[in-house]
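Just so we're aligned, residue 376 is where the sequence shown starts under the working numbering, counting upward by one.
Where a beta carbon is used, it is the ideal one built from N, C-alpha and C, also for glycine.
A short worksheet on the structure shown next.
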Amino acid sequence: MFVLKYDRFESDRMPHPIAIDLRFLPHLVPMKKLVDGLHQFQTSYFSSHQTLFEQLAQGQKPRVLFITCSDSRIDPNLITNAQVGELFVIRNAGNMIPPFGATDGGEGATLEYAIQALGIEQIIVCGHSFCGAMKGLLKLNQLQEEMPLVYDWLKHAEATRRMLKENYSQLEGEPLLDIAIAENVLTQIENLRTYPVVRAKLGQGRLHLHAWVYHIESGEVLEYDPIRHAYVPPDGRIEISSPQDRSLQPQSFYPTKSTWLPVEQSERIYRGSH
Ligand SMILES: [Zn+2]
Numbered sequence: 376m377f378v379l380k381y382d383r384f385e386s387d388r389m390p391h392p393i394a395i396d397l398r399f400l401p402h403l404v405p406m407k408k409l410v411d412g413l414h415q416f417q418t419s420y421f422s423s424h425q426t427l428f429e430q431l432a433q434g435q436k437p438r439v440l441f442i443t444c445s446d447s448r449i450d451p452n453l454i455t456n457a458q459v460g461e462l463f464v465i466r467n468a469g470n471m472i473p474p475f476g477a478t479d480g481g482e483g484a485t486l487e488y489a490i491q492a493l494g495i496e497q498i499i500v501c502g503h504s505f506c507g508a509m510k511g512l513l514k515l516n517q518l519q520e521e522m523p524l525v526y527d528w529l530k531h532a533e534a535t536r537r538m539l540k541e542n543y544s545q546l547e548g549e550p551l552l553d554i555a556i557a558e559n560v561l562t563q564i565e566n567l568r569t570y571p572v573v574r575a576k577l578g579q580g581r582l583h584l585h586a587w588v589y590h591i592e593s594g595e596v597l598e599y600d601p602i603r604h605a606y607v608p609p610d611g612r613i614e615i616s617s618p619q620d621r622s623l624q625p626q627s628f629y630p631t632k633s634t635w636l637p638v639e640q641s642e643r644i645y646r647g648s649h
């Protein structure tokens, strides 16, 4: 146990755990669940993977930087079946990377550390279906008063908003949101390219950028293929070459419609006929 010199939470002191009767303190239920979870982790997962954790204590060697949304419904390690120590992660509302020089936020520093210090050569930007940040982008005017910080943050998706306005004005509702999510991942890939450290490594062929969208409802992940101009199941080899002139086909990234096959073939397969 560590005893610190100053008490910085005088006004918010928690009762001693033994004294808690959750019937009278329902707001503590979520914390109780987490604390129980900590005990469970320590007695089961940790004890059966102790060697791994001892190795990790010596240092980390993640091979992938995974940039995704803060949304609770996406878990990078879970959806990629990655072990602890394998993914270096940046999370924020809307899986954003502000362009180089736009802010002094943690994203640029974390990115630089990932590439320079950890030698990471694979970066994934992963958006997800039903993204609240992208919903906000679609009704930006209403946000300014209610959530001014979110409003400011969403300026890093301004290229997405313009792309939607100029290329998808015929869409609304869920199809428009789906396009916003898919386009925003590509906007953030473009933002990544503004960083000198990224440009230098890309030029040497020592960095690879991947644009993913995770579908909460199906568990499926699709990757942007710049050659086919569509989101398709990832094959682990596709790299984004040129994000310019890249407006998507509205139907091109729905996971239930096979877009990597000719339309007739795909429809046949999904109808189950010959
Ligand atoms: Zn989100």
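| Asked | Found |
| --- | --- |
| Which residue from His585, Asp610, Ala477 and His414 puts its Cα closest to that of Leu528? | For clarity, residue 528 is Trp in the given sequence; the question names Leu instead. Among His585, Asp610, Ala477 and His414, the Cα nearest to that of Trp528 belongs to Ala477. |
| Is the stretch 425-443 touching the stretch 488-496, taking contact as three or more C-beta pairs under 8 angstroms? | yes |
| Should Cys506 be counted as a contact of ligand 1 given a C-beta to heavy atom distance under 7 angstroms? | yes |
| Tell me whether the beta-carbon of Val573 lies closer than 8 angstroms to the beta-carbon of Leu567. | yes |
| For His585 versus Glu595, is the C-beta spacing smaller than 8 angstroms? | no |
| Please indicate yes or no: does the CB of Gly469 lie closer than 7 angstroms to some heavy atom of ligand 1? | yes |
| Check the C-beta distance from Leu562 over to Thr535 and give it rounded, since I have them as a contact under 8 angstroms. | Strictly speaking, residue 562 in this sequence is Thr, with Leu absent from that position. Contact flag correct, Cβ pair sits at about 4 angstroms. |
| Tell whether a beta-carbon distance below 8 angstroms holds between Pro601 and Trp587. | no |
| Report yes if the CB atom of Ile498 is closer than 8 angstroms to the CB atom of Ile442, and no otherwise. | yes |
| In three-state DSSP terms, what is Asp600? | strand |
| Give every residue of the same chain whose Cβ lies closer than 7 angstroms to the Cβ of Cys506, excluding the five residues on either side of it in the sequence, and list them in chain order. | Cys444, Asp446, Gly469 and Ile556 |
| In the DSSP assignment, what residue or residues form a beta bridge with Phe441? | Val464 and Ile499 |
| Could you tell me if the beta carbon of Cys501 falls within a distance shorter than 7 angstroms of some heavy atom in ligand 1? | no |
| Figure out for me which residue from Gly483, Val459, Ser593 and Glu482 has the closest Cα to the Cα of Leu427. | Val459 |
| Please state if the CB of Phe475 and the CB of Pro571 are separated by a distance shorter than 8 angstroms. | yes |
| Taking Val588 as part of the beta strand (DSSP E), name the residues at either end of that continuous run. | His583 to Tyr589 |
| Measuring CA to CA, which of Glu558, Gly580 and Tyr381 is closest to His604? | Glu558 |
| Determine, using beta carbons only, whether Leu397 and Lys408 come nearer to each other than 8 angstroms. | no |
| Go ahead and pull the three-state DSSP assignment for Tyr526. | helix |
| To the nearest angstrom, how far is it from the Cα of Met522 to the Cα of Asn467? | 15 angstroms |
| Enumerate in chain order the residues of its own chain whose CB-to-CB distance from Pro473 is below 8 angstroms, with the five nearest sequence positions on each side excluded. | Gly480, Glu482, Gly483, His531 and Asn566 |
| Using a Cβ-Cβ cutoff of less than 8 angstroms, which residues in the same chain neighbour Ile454 once the five nearest sequence positions on both sides are dropped? | Tyr589, Gly594 and Val596 |
| For Ala605, which residues does DSSP report across the bridge? | Asp600 |
| Just the C-alpha distance for Glu547 and Gly502, rounded to the nearest angstrom, thanks. | 19 angstroms |
| Use the C-beta contact count for Tyr606: other C-beta atoms within 10 angstroms, 16 or more gives buried, fewer gives exposed. | buried |
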